[in-house]
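Report on the structure given below.
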Amino acid sequence: MSLTSEKMIDVYETMVKIRMFEDKVAELFAEGKVPGFVHLYAGEEAIAAGVCIHLTERDYITSTHRGHGHCIAKGVNINSMMAEVYGKANGACKGKGGSMHIADVEKGMLGANGIVGAGGPLACGPGLMAKTLGTDQVTVCFFGDGAAEQGTMHEAMNLACCWTLPLVFVCENNGYAESTPCSYHCAAKNISDRAVAYDMPGVTVDGTDLFAIYETAEEAIDRARRGEGPSLIECRGFRYYGHFEGDAILYMTEEEKEHNRARDPIDNFKKRGLERRLLSEAQIAEVDTRVAAIIKEAVEFAEESAWPDSEEVFTDVYVNYP
Ligand SMILES: Cc1ncc(C[n+]2csc(CCOP(=O)(O)OP(=O)(O)O)c2C)c(N)n1
Ligand SMILES: [Mg+2]
659 MSLTSEKMID VYETMVKIRM FEDKVAELFA EGKVPGFVHL YAGEEAIAAG VCIHLTERDY
719 ITSTHRGHGH CIAKGVNINS MMAEVYGKAN GACKGKGGSM HIADVEKGML GANGIVGAGG
779 PLACGPGLMA KTLGTDQVTV CFFGDGAAEQ GTMHEAMNLA CCWTLPLVFV CENNGYAEST
839 PCSYHCAAKN ISDRAVAYDM PGVTVDGTDL FAIYETAEEA IDRARRGEGP SLIECRGFRY
899 YGHFEGDAIL YMTEEEKEHN RARDPIDNFK KRGLERRLLS EAQIAEVDTR VAAIIKEAVE
959 FAEESAWPDS EEVFTDVYVN YP
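Numbered according to this note's numbering, the sequence shown spans residues 659 to 980.
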């Protein structure tokens, strides 16, 4: 189904929230306010937004170390995300996870994850649960081009296909695994070609084109919901920031960065939305103003939140079985 004007605003708002959140975190990190590692998602907004708009709160996602965009698109509260990034007690994980481990099970966000390629096997869990209980819940596994080379991802795709689990594998091919270009680490022409090995549909789309991602994800998610099994979608895009904050991005040329800027997913979405009269300048301005206020409030919330009590270090570590 094509994007209704209501959904156009929804996806635009999600993309702008991600961009503004990431730009703000970059700033805060540079000011020394954010502890630990930070990997920013700016540039990849169309992927999380175009996929997650098809999911309900009952559906699940697994994420990566670059997880802020997935959290926002799956509806995790922005204040609790920012507080988590700061390591504060009010954070989504009580400040114990930080940027790289934000999770919100209630929202179906099963966690950003520092282990590259771990999201695949994790996604098979809720997938098997949904199949066993006969629910129509779908799980989306986001993973990077670097993660695509991990054995865990191949095991997960094979298992998911053997068991016909309601999964969608979304490979976010931003062209690099840390500083290693995809052309150097990947033997295949397309990561999506690997779907053939597991007898599932596989397709490569432009990861900066919200419209293409929206349509492709809808088909794959509907297929999973109908009980017809997994699909693999490779989204080719880029990231604006370095692999992590502090990376000087010496492995990208100025031409490449220029080329990326011309493919900005948000600018292109706005341009096409305006041309097709699916969005108006006034709506765009309203969203921009509203989201800027949400991000400002999130920073204030995080700044004002307390640090976790030292006793908290002993809670939520082990599960006590009766
Ligand atoms: C199992 C494992 N191996 C290596 C690393 C170190 N590492 C962290 S991110 C990364 C690159 C991941 O690249 P990709 O999957 O393309 O994700 P991107 O950073 O581009 O979003 C590596 C090798 C890790 N965290 N976990
Ligand atoms: Mg990558």
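Think of the CB as a built atom: it goes at the ideal place given N, C-alpha and C, for glycine as much as any other residue.
- With a cutoff of 6 angstroms, Gly-865 does not count as near ligand 2, since its C-beta is closer than that to no heavy atom of the ligand.
- Along the length of the region 895 to 945, whole beta strand (DSSP E) runs at least 3 residues long do not occur.
- Collapsing the DSSP output to three states places Ser-660 in coil.
- Taking C-beta separations shorter than 6 angstroms and ignoring five residues to either side along the sequence, the partners of Ala-707 in its chain run Val-669, Thr-672, Met-673, Ala-731, following chain order.
- In the displayed model, Val-798 falls within a strand according to three-state DSSP.
- Inclusion of Phe-679 and Ile-849 in the CB contact set at 7 angstroms is not warranted, their separation being larger than that value.
- The DSSP-derived three-state label of Ser-721 is coil.
- For Asn-771, the distance from the CB to the nearest heavy atom of ligand 2 is not below 6 angstroms.
- In the DSSP assignment, Asp-803 falls outside any alpha helix (DSSP H), carrying neither H nor E.
- For the 7 angstroms CB-CB criterion, Met-767 and Phe-695 do not form a contact.
- Taking the Cβ of Asn-816 as the reference point, every heavy atom of ligand 2 lies at 6 angstroms or farther away.
- Taking a cut-off of 8 angstroms on C-beta distances, the region 821 to 840 touches the region 794 to 812, as three or more cross pairs fall below it.
- For Tyr-744, the number of other beta carbons within 10 angstroms of its own is at least 16, and it is reported as buried.
- Measuring C-alpha to C-alpha distances from Ala-853 to each of Phe-869, Cys-820, Pro-980 identifies Cys-820 as the nearest.
- In its chain, beyond the 5 residues on either side, Ala-750, Ile-760, Asp-762, Lys-765, Met-767 have a beta carbon closer than 8 angstroms to the beta carbon of Val-734.
- In the DSSP assignment, Asp-762 is bridged to Met-767.
- Taking C-alpha positions only, Leu-936 is separated from Ile-676 by approximately 21 angstroms.
- Under the three-state reduction of DSSP, Gly-860 is assigned to strand.
- Remark: the shortest separation between the CB of Asp-925 and any heavy atom of ligand 1 does not fall under 6 angstroms.
- In its chain, beyond the 5 residues on either side, Tyr-856 have a beta carbon closer than 7 angstroms to the beta carbon of Asn-816.
- DSSP, read as helix, strand or coil, puts Glu-969 in helix.
- Burial is judged here by how many other beta carbons sit within 10 angstroms of a residue's own beta carbon; Ile-667 has at least 16 and is buried.
- As the crow flies, the alpha-carbon of Gly-690 is around 10 angstroms from that of Val-683.
- For the pair Ser-938 and Asp-922, the Cα-to-Cα distance works out to about 19 angstroms.
- Pairing Asp-974 with Tyr-842, the inter-Cα distance amounts to about 41 angstroms.
- Each of Phe-972, Ile-879, Gly-756, Cys-799 was checked against the Cα of Val-692, and the nearest Cα belongs to Gly-756.
- Looking at the DSSP output, Glu-830 sits in a beta bridge with Gly-802, Cys-893.
- Those residues that have a beta carbon less than 6 angstroms away from any non-hydrogen atom of ligand 2 are, in order along the chain, Gly-802, Asp-803, Gly-804, Asn-832, Tyr-834, Ala-835.
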